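Accompanying notes for the structure given below.
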Amino acid sequence: MNNRTTIGLAVIIVVLAVVILAGHRLGYFWAGGDGVITPETTELIDVFAATTDSHQADTPLLTWLPGEIITTPADQFFALRTNGPTNAPVFNLDVNSQLKIVKTDGDNITVNLITGRLVIDGRVTVAVRDTSIAVDGITTIVNYSWLDTMDVSVLAGSANIHQGQYSTVVKENHAVSLDTLAPFEEIKPTIFSIDADTVKTFYDWALGR
Numbered sequence: 012m013n014n015r016t017t018i019g020l021a022v023i024i025v026v027l028a029v030v031i032l033a034g035h036r037l038g039y040f041w042a043g044g045d046g047v048i049t050p051e052t053t054e055l056i057d058v059f060a061a062t063t064d065s066h067q068a069d070t071p072l073l074t075w076l077p078g079e080i081i082t083t084p085a086d087q088f089f090a091l092r093t094n095g096p097t098n099a100p101v102f103n104l105d106v107n108s109q110l111k112i113v114k115t116d117g118d119n120i121t122v123n124l125i126t127g128r129l130v131i132d133g134r135v136t137v138a139v140r141d142t143s144i145a146v147d148g149i150t151t152i153v154n155y156s157w158l159d160t161m162d163v164s165v166l167a168g169s170a171n172i173h174q175g176q177y178s179t180v181v182k183e184n185h186a187v188s189l190d191t192l193a194p195f196e197e198i199k200p201t202i203f204s205i206d207a208d209t210v211k212t213f214y215d216w217a218l219g220r
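Right, dumping it as structure tokens:
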């Protein structure tokens, strides 16, 4: 094998390595004989202007891949849906919130609520630091990230909270307050109102669409 052939093979190997690494970074995976698997994206389906109490006339064509973070501005609510399963959950984000799409593998969907307020309609796992919540139904979660605490209120269905080796089921029309980081204090019942003046507009929009 001459030097030119060796250099050519080395260049090809480097290019393939770069393509594979870039694909994994963007959520693309090789599927053997079927080619490359395209990851399911999460798309923006509605934008609501909190300050003017109105829907945005033209929803921007925005999509996110697994691993990307969705950030809402200080004056807008976002509604999002994952492409793929017909019963894909809907995520409703309040202003000044951040949501990371972790995994969108068919019906196995995981997101990370970094901070802020979220209403979920569907089946999904929500991670908040050292805590995870398996939601089945309609649940609102508020991550007070600066306090290392959160509230979980189940509006329909149930939510199963996992902290280390312990789990707690929250039933419909119940709300709890809990820590997001270990070591965990006891999960406590709390009063959670969706009609409070500061959040009523958001919940009217999220639950009324």
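Numbered by my numbering, the letters in the sequence shown go through residues 12 to 220 in order. Where a beta carbon is used, it is the ideal one built from N, C-alpha and C, also for glycine. Since the structure is predicted, the reported quantities are computational estimates derived from the model, not experimental observations.
Classification of residue i by the beta-carbon crowding that lies within 10 angstroms, buried from 16 upward
{"i": "residue 202", "result": "exposed"}
{"i": "residue 77", "result": "buried"}
{"i": "residue 183", "result": "exposed"}
{"i": "residue 114", "result": "buried"}
{"i": "residue 38", "result": "Reliability of the predicted coordinates at residue 38 is poor, the pLDDT of 47 falling under 50, and the value obtained from them is presented with this limitation in mind. Per the 10 Å Cβ criterion, buried."}
{"i": "residue 36", "result": "Residue confidence is low: residue 36 scores 47 on pLDDT, short of 50, so the model does not pin down where it sits. No coordinate-derived value is stated."}
{"i": "residue 164", "result": "buried"}
{"i": "residue 204", "result": "exposed"}
{"i": "residue 60", "result": "exposed"}
Residue range of the unbroken beta strand (DSSP E) whose run includes residue i
{"i": "residue 218", "result": "Looking at the DSSP string, residue 218 is not in any beta strand (DSSP E); the run it does join, the alpha helix (DSSP H), is 211–219."}
{"i": "residue 143", "result": "142–155"}
{"i": "residue 168", "result": "160–174"}
{"i": "residue 125", "result": "119–139"}
{"i": "residue 52", "result": "Note, residue 52: premise wrong, no beta strand (DSSP E); not H, not E."}
Beta-ladder partner(s) of residue i, from DSSP
{"i": "residue 200", "result": "187"}
{"i": "residue 108", "result": "Answer is none; residue 108 lacks a bridge partner."}
Reference residue i, options the options, closest by Cα
{"i": "residue 166", "options": "154, 187, 123", "result": "187"}
{"i": "residue 129", "options": "151, 101, 62, 122", "result": "151"}
{"i": "residue 154", "options": "218, 105, 169, 80", "result": "105"}
{"i": "residue 81", "options": "110, 55, 121, 132", "result": "110"}
{"i": "residue 108", "options": "211, 90, 132", "result": "90"}
Near the ligand COA: residue i beta-carbon under 8 Å from a heavy atom
{"i": "residue 140", "result": "Among the components modelled here there is no ligand, and therefore nothing to report on the ligand COA."}
Requested in this report: Evaluate the contact criterion for the segment 174–183 versus the segment 152–159: three or more CB pairs, one atom per stretch, below 8 Å.
Outcome: no
Query raised in the report: Would you say the segment 126–146 touches the segment 183–195, given that touching needs at least three Cβ pairs under 8 Å?
Result: yes
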